[in-house]
Amino acid sequence: AVVSTQSTGDYLREQYRIREQDFLTFDALRHASQCVGRVLRGKSDYGIMIFADKRYSRADKRGKIPRWIQDHLGDGVSSLATDEAVQMVKGFLRKMAQPFPQEAQIGLSMLTHEQVRKLEEKLEKEKRVEEEGDGYSDDMSE
1 AVVSTQSTGD YLREQYRIRE QDFLTFDALR HASQCVGRVL RGKSDYGIMI FADKRYSRAD
61 KRGKIPRWIQ DHLGDGVSSL ATDEAVQMVK GFLRKMAQPF PQEAQIGLSM LTHEQVRKLE
121 EKLEKEKRVE EEGDGYSDDM SE
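Last residue of the sequence shown: 142 in the numbering used here, with the numbers rising by one and none dropped.
Put into C-alpha cells, the structure is as follows:
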C-alpha cells in the first residue's frame, strides 16, 4: 500500500492550481449552504437562517453560495446590529404565526382550475404533434 504524506492543499495546488485558501473557503460555504437547505424541505416549511459573520457581506464570499440564498442576503438584511436582527426575526415569526389561507396561494403556488385546464390542453396538443410527426401512417394505400 502506498501512503501519501502530501496534504490536500499541496495536492490541489500541484494538480489543479487551486490555492488551499480558495478550497477552504469553497468547502466552508458549501457546508453552510447545505445546513441552510436542511431548514426548508417542503413548500409549507419556513425557518430563520442567520449568517452571523461579516464575511458573508463580501461579494467574493456571497458569490460562492447558491443563488436562492443570495437572493435573500440583500443590503437591507446585511450587517445588522443584534437588536435589529432580533426585531426582524420577531416580525417574521409573528407574520408566520398567522393563519394561512390557501386561497391566497391560488395562482401562485397552487394552480387555478383554469391554469390546470390550459396545461392539460397544452400537453394534449404536444402529444398530438408528436404522434403526427413520428413518420408512421395508418393509411395502408400509401
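For every residue, glycine included, the Cβ atom is placed at its ideal position computed from N, Cα and C.
Q) Taking one C-beta from the region 112 to 119 and one from the region 53 to 73 each time, how about it: are there three or more such pairs within less than 8 Å? A) No contact exists between the region 112 to 119 and the region 53 to 73.
Q: Would you grab the beta carbon distance between R67 and K61 for me? Rounded to a whole angstrom, and I think it's under 8 Å.
A: About 14 Å separates the two Cβ atoms, so there is no contact after all.
**Q.** Residue burial classification, L119 (beta-carbon count within 10 angstroms, cutoff 16)
**A.** It counts as exposed.
Q) Can you tell me whether DSSP reads M110 as helix, strand or coil? A) Judged by DSSP in its simplified three-state form, M110 adopts strand.
Q: Give the single residue among G91, V89, I65, R58 whose Cα lies nearest to the Cα of L79.
A: A small correction: the amino acid at residue 79 is Ser; Leu does not occupy that position in the sequence shown. Comparing Cα positions, the closest option is R58.
Q: Check whether the Cβ atoms of F26 and L12 sit closer than 8 Å, and answer yes or no.
A: Cβ distance not < 8 Å, so F26 and L12 don't count as in contact.
Q.
I need the DSSP call for M49, collapsed to helix, strand or coil.
A. In the structure shown, M49 falls within a coil segment according to DSSP collapsed to helix, strand and coil.
Q: To the nearest angstrom, report how far apart A28 and I48 are at their CA atoms.
A: For A28 and I48, the gap between their C-alpha atoms comes out near 19 Å.
(Q) At the level of alpha carbons, what is the spacing between Y46 and T82? (A) Straight across, the Cα-Cα distance linking Y46 with T82 is about 21 Å.
(Q) Between which two residues does the alpha helix (DSSP H) holding K95 run? (A) Here the alpha helix (DSSP H) through K95 covers 82 to 96.
Q) Beta-carbon separation of I50 and A85 under 8 Å? A) Taking 8 Å as the Cβ cut-off, I50 and A85 qualify as a contacting pair.
Q) From R17 to Q34, what distance separates their C-alpha atoms? A) C-alpha separation (whole angstroms): 26 Å.
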